[in-house]
Amino acid sequence: MREIRGGKRMEKERGKIRQYNVSGMSCASCQVHVEKAVSRLPGVKSVSVSLLTNSMSVEGTAGDAEIERAVENAGYRAVPKERAGKREEADRGEEALRDRETAKLFQRLKLSLVFLLLLMYLSMGHKMLGLPIPGFLQHNPIGLSLTQLLLAGIVMMINRAFFLSGFRSLRHGGPNMDTLVALGSGISFLWSLYILYRMSWLVSNGAQSQELMELYHNQLYFESAAMIPALITVGKTLESLSKGRTTDALKNLMKMAPKTALLERDGREVETPIEEVRAGDIFLVKPGDSIPVDGVIVDGGGAVDESALTGESVPVDKKEGDRVSAATINRSGFIRARATRVGEDTTFSQIIKMVSDAAATKAPIARVADRVSGVFVPMVMLIALLVLAGWLFAGQSFAFSLERAISVLVISCPCALGLATPVAIMVGNGVGARNGILFKTSEALENAGKLRIIALDKTGTITEGRPEVSDLIPAENVSERELLFLAASLEKRSEHPLAGAVMRRAEEEHVDAGELRDFRALAGNGLTGRLGDSVLHGGSESFISTLAKLPPKLSERAAALSAEGKTALYFERDGEILGMIAVSDRIKEDSAEAAAELRRMGISLVMLTGDNERTAKAIGREAGVDRIIAGVLPDGKEAVIRELQKEGMTGMVGDGINDAPALARADIGIAIGAGTDVAIDSADLVLMNSRLTDVSAAVRLSRATLRNIHENLFWAFAYNAILIPIAAGLLPMLRISPMLGAAAMSLSSFTVCMNALRLNLFPIHGTGKGRSRGGELRAEASSAPEGPGREKAEEKPLPAPCPEEESGNDPNRRESEGPLSGKEEKMKETLKIKGMMCEHCERHVKEALEKLPGVESALVSHGSGTALLTLGQEIPEETLRKAVEEAGYEFVGIQ
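Residues in the sequence shown are numbered from 48 upward in steps of one, following this note's numbering.
Pasting the structure below:
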């Protein structure tokens with residue numbers, strides 16, 4: 048398991064990124080106001096504020112003090128997470144995860160409901176239900192009104208947070224949802240107070256009781272003044288509970304973190320707090336215990352459950368020399384290991400950080416809601432004023448007009464807009480993390496579902512990445528053992544996977560490699576070095592053929608092996624061919640299944656490989672990819688991705704160091720978790736399981752998350768667009784009182800959160816349900832784009848699959864069959880041709896052959912010196928020879 052790092056190209060290219068905890072935010076308008084305040088600071092390049100996690104990510108050179116001051120001036124409080132972490136060291140682990148906000152809201156709600164029920168009993172119980180009231184309040188409207196004032200004041204005091212936050216935000220020029228609540232409740236209270244004073248004045252002037260009761264019945268709104276904040280507290284409590292559920296995956300991950308480690312010190316076993324473990328310490332893990340830190344087994348072994356990291360429940364056998372990771376569980380056996388990464392550097396800690404940081408980033412789709420949220424509250428306040436003025440102008444009473452304006456204030460909900468995206472993103476990230484699929488940013492989670500093309504590196508991605516020697520074919524006068532000795536001597540210092548295959552075979556045959564001088568690795572070609580007085584070379588056919596003449600029999604054997612998907616390595620000494628070693632790398636068990644699923648989802652698959660076209664075609668056919676780009680040198684993958692991006696949004700899946708530039712260039716870089724740190728660092732998405740089916744799962748999850756966000760946004764916009772006009776009184780038959788408006792507002796955010804939680808039920812590894820995004824899928828073995836660092840691969844597209852195959856709806860096609868598989872009904876002939884030097888030569892030969900009657904297509908490669916013909920009828924060899932020679936090239940024969 049490799050170290051997982053976050054932030055593709057971010058800190059290196061754009062500046063320092065810091066995280067802050069922000070307190071005092073209550074809705075999307077708060078979030079926008081904080082972002083605006085900080086973004087105005089000199090040196091700040093970008094700001095992302097998360098209402099869901101109450102956090103802020105700031106990129107740039109502005110200092111902590113400036114940022115904290117800007118947030119404070121906006122009416123909120125920001126504390127750097129590093130500083131908070133040091134101050135709250137004792138609150139680590141589960142204590143730090145406790146949801147204190149929900150507990151406070153629940154306590155507030157209980158107190159509010161006690162006094163609110165008393166208020167509702169006095170104000171409406173006796174009128175609507177005929178319930179008895181104390182005798183001293185009967186026929187005493189002033190006394191009853193004073194009692195209601197007292198009870199309403201208590202409820203408002205219990206929920207004073209709305210008023211403090213709302214008016215503070217208004218004073219700082221950034222009104223928020225609390226401002227709407229405070230205005231609606233406050234205005235209702237003040238109007239009722241005015242009516243109470245008016246009633247007192249009428250009593251003092253001898254007014255009749257009937258007139259007083261009419262005023263009391265129709266114009267007192269003490270119950271509304273109390274009901275509004277109480278109902279909003281109900282909604283806030285439900286929202287807090289549901290928001291807490293959206294972070295369950297992250298909380299559950301953090302709860303798995305070990306608290307102590309059993310260290311070996313001076314021959315004794317000492318249980319030590321996890322914070323005190325240092326790299327190099329020897330720790331012990333007994334059966335059933337959690338592994339405390341990342342390390343390497345130095346003695347013993349066991350079956351380790353890595354589900355905390357990969358989601359895979361089947362234990363993995365570990366032995367001496369194997370790596371183990373923190374938070375995984377030793378199910379059986381005794382492990383003695385040396386700590387290699389501790390604290391925040393462990394793989395498990397990096398996963399937690401990645402999921403947490405992803406929640407702090409902002410998805411592009413959230414910008415629409417942010418733009419609306421930034422002006423939403425001022426617009427609602429303006430609409431409320433216009434409603435008040437409009438109804439007064441229409442001749443309605445002030446009480447009626449005020450009620451309509453208050454209803455508009457309290458029914459409007461900016462929170463639903465602000466939560467629509469982050470709650471879905473958080474749940475989607477959590478679902479992915481539970482299944483070993485880690486999105487580094489919200490943007491990656493959103494865009495993964497929009498991919499139209501996915502490029503797959505062959506070695507380690509489509510194949511197992513552990514090639515084995517299948518054939519040793521020495522030249523004349525060279526023994527197998529001598530060939531293996533010389534090859535091992537040359538490959539000994541190479542880091543290429545194929546070199547590892549040769550060295551393992553040498554070890555099996557008990558062949559010790561010699562010591563080379565002047566060793567060099569020639570990128571994309573091969574190796575060279577001096578052994579004694581001789582100069583050795585090893586590498587591809589095209590490279591070795593420039594140094595020595597290849598025996599025809601060896602070339603024929605290589606062609607046959609390539610057709611089986613094997614890679615041929617040639618070796619040469621002082622101009623003499625030593626022989627060839629064939630290496631095979633099995634494709635992963637799930638590669639064909641993943642390819643079939645991705646094609647059903649409307650994604651075109653492209654395999655990138657440095658192999659020759661014959662080998663590449665054999666593997667591509669077995670895996671089921673749409674296109675093959677062969678002969679791509681390590682430094683050429685980035686250029687290939689750049690070309691593919693012209694056709695649509697492109698993803699790249701890889702695991703090696705030479706994949707890093709391509710991963711960084713791709714719209715979505717996807718790193719196999721078992722790959723190199725450099726590849727993982729360059730990616731946007733990390734697959735911890737190294738399973739290709741997780742690519743399709745990630746795309747499915749992204750599409751489901753985006754669909755959920757669209758549903759949330761639709762609900763949030765539709766809610767406000769429909770209910771604000773109704774609350775304003777535009778539909779007389781549907782009258783919404785301030786109390787009903789508050790109830791609707793309290794439930795809107797809760798609805799958005801609950802809809803996002805449905806993602807937890809999403810079948811992430813479901814098959815056959817991906818919807819095609821349209822567009823044709825081409826099945827071709829195309830050339831790498833021209834440029835430095837690439838060899839030319841075959842140029843002619845392979846015959847395209849039938850429409851049923853392209854859509855994935857052919858009921859007769861087995862899922863393991865890709866577009867390059869299936870039976871070939873046409874006759875095939877492979878011609879061996881000499882003299883071709885470039886793509887122009889390929890074109891001349893191709894045109895000459897395709898002019899012949901019966902030749903349906905010609906696939907020509909100057910790299911391998913071949914032409915693959917698809918024939919509709921049998922053609923004499925002499926006819927083919929004549930066509931090639933007339934084009935100016937040498938016809939060697941038919942393979």
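Using N, Cα and C, we set each Cβ at its ideal position, and we do this for glycine too. Model, not experiment: these values are computed from the prediction.
Determine the extent of the beta strand (DSSP E) in which residue i is found, giving its start and end residues.
i    : result
V700 : 697-701
E903 : 902-908
V672 : No beta strand (DSSP E) contains V672, which DSSP labels as neither H nor E.
F486 : 484-486
V679 : Premise fails: V679 is in no beta strand (DSSP E) and is neither H nor E.
K929 : It is not in any beta strand (DSSP E) - K929 instead sits in the alpha helix (DSSP H) that spans 924-933.
D364 : 363-365
I941 : 937-941
S651 : 651-655
Thinking C-alpha only, which one of the options is nearest residue i?
i    : options                : result
V79  : R65, M224, A150        : M224
S541 : H584, E555, L519       : H584
G701 : L734, I676, G671, R689 : L734
V118 : T319, G71, T108, A789  : G71
P127 : D111, I458, N120       : D111
I650 : S743, M801, M428       : S743
V892 : V907, G695, A595       : V907
V363 : N807, N736, W762, G182 : N736
R451 : D731, Y268, L710       : Y268
L82  : V105, R65, V478        : Correcting the residue type first, residue 82 is Glu in the shown sequence and not Leu. That would be V105, whose Cα lies nearest to the Cα of E82.
P810 : L781, R750, Y766       : R750
V746 : K684, L485, V525, L211 : L485
I941 : G935, I922, A934       : I922
E113 : R87, S97, L98          : R87
P544 : S592, T510, V558       : T510
Could you tell me which residues DSSP pairs with residue i in its beta bridges?
i    : result
G716 : M699
R567 : T575
N68  : S102, V126
A308 : T319
P521 : G626
A914 : L878, V907
E515 : S631
S170 : S170 pairs with nothing; no bridge assigned.
L583 : G576, R620
I329 : R385
Specify, as a first and last residue, the run of the alpha helix (DSSP H) that residue i falls within.
i    : result
I688 : 684-691
A350 : Here A350 belongs to no alpha helix (DSSP H); instead the beta strand (DSSP E) covers 341-352.
R647 : 638-647
P188 : 188-205
V96  : Careful: V96 lies outside any alpha helix (DSSP H), inside the beta strand (DSSP E) at 91-97.
Indicate whether at least one CB of chain B lies closer than 9 Å to the CB of residue i.
i    : result
N759 : As a matter of chain content, chain B is missing from the structure shown, which is built from one protein chain.
Exercise. Would you call the region 299-316 and the region 274-289 touching, i.e. three or more CB-CB distances under 8 Å?
Worked result: The region 299-316, when compared against the region 274-289, does not touch it at the 8 Å Cβ threshold.
Exercise. Going along the chain, which unbroken runs of the beta strand (DSSP E) with 3 or more residues stay wholly within the region 429-505?
Worked result: Those beta strand (DSSP E) runs which fall completely within the region 429-505 and span 3+ residues are 484-486, 500-504.
Exercise. Do three or more CB pairs link the region 648-659 to the region 499-506 at distances below 8 Å?
Worked result: Verdict: yes, contact present.
Problem set entry | beta strand (DSSP E) runs contained entirely in the region 379-405, provided each spans 3 or more residues | Residue ranges of uninterrupted beta strand (DSSP E) with 3 or more members are absent from the region 379-405; none lies entirely inside it.
Exercise. Which runs of the alpha helix (DSSP H) spanning at least 4 residues fall entirely within the region 215-254, listed in chain order?
Worked result: The DSSP assignment places complete alpha helix (DSSP H) segments of no fewer than 4 residues inside the region 215-254 at 224-251, in order along the chain.
Exercise. Taking contact to mean at least 3 C-beta pairs separated by less than 8 Å, is the region 324-342 in contact with the region 370-380?
Worked result: They touch, by the three-pair rule.
For this session: Would you check if the region 888-900 and the region 624-633 touch, i.e. whether three or more CB-CB distances between them fall below 8 Å?
Result: Per the Cβ contact rule, the region 624-633 is not in contact with the region 888-900 (fewer than 3 Cβ pairs under 8 Å).
Exercise. Looking at C-beta atoms only, is the number of pairs between the region 596-615 and the region 512-521 that lie closer than 8 Å three or more?
Worked result: Enough Cβ pairs lie closer than 8 Å, so yes.
For this session: Just list the beta strand (DSSP E) runs in the region 722-786, keeping only unbroken ones of 3 residues or longer that don't cross its boundaries, in chain order.
Result: Scanning the region 722-786 from its first residue to its last, the whole beta strand (DSSP E) runs of 3-plus residues come out as 732-734.
Exercise. At a cut of 8 Å, does the region 420-439 reach the region 392-402 through at least three beta carbon pairs?
Worked result: Contact between the region 420-439 and the region 392-402 is absent, because fewer than three Cβ pairs lie under 8 Å.
For this session: Note down, one range per segment and in chain order, each beta strand (DSSP E) of at least 3 residues found wholly within the region 594-636.
Result: Residue ranges of uninterrupted beta strand (DSSP E) with 3 or more members, entirely inside the region 594-636 and ordered along the chain, are 614-620, 623-631.
For this session: Flag this pair as touching only if the region 218-237 and the region 441-456 have three or more C-beta atom pairs under 8 Å; answer yes or no.
Result: Yes, they touch.
Exercise. Counting pairs of Cβ atoms below 8 Å between the region 706-718 and the region 677-694, do you hit three or more?
Worked result: Flag = yes, the region 706-718 and the region 677-694 touch.
Problem set entry | Cβ contact check for the region 640-647 and the region 606-619: 3 or more pairs under 8 Å | In short, these stretches do not touch, since the Cβ pair count stays below three.
Problem set entry | the region 795-802 in contact with the region 762-769 per 3-pair CB rule at 8 Å | Between the region 795-802 and the region 762-769 there are three or more inter-stretch CB-CB distances shorter than 8 Å, so the stretches are counted as touching.
Problem set entry | At least 3 beta-carbon pairs within less than 8 Å: the region 313-330 vs the region 183-191 | Not touching, per the Cβ criterion.
Problem set entry | Stretch pair the region 207-224 + the region 768-776: three plus CB contacts closer than 8 Å | No, because fewer than three Cβ pairs between the region 207-224 and the region 768-776 fall closer than 8 Å, the two stretches do not touch.
For this session: Decide if the region 201-208 is in contact with the region 160-170; the criterion is three or more beta carbon pairs, one per stretch, under 8 Å apart.
Result: Contact between the region 201-208 and the region 160-170 is present: three or more C-beta pairs spanning the two stretches fall below 8 Å.
Problem set entry | Stretch-stretch touch, CB-based, cutoff 8 Å, three pairs: the region 457-477 with the region 239-248 | Three or more Cβ pairs closer than 8 Å define a contact, and the region 457-477 falls short of that threshold against the region 239-248.
For this session: State whether the region 584-593 contacts the region 615-624, with contact taken as three or more CB pairs (one from each stretch) at a distance under 8 Å.
Result: Judged by Cβ distances under 8 Å, the region 584-593 makes contact with the region 615-624, as three or more pairs qualify.
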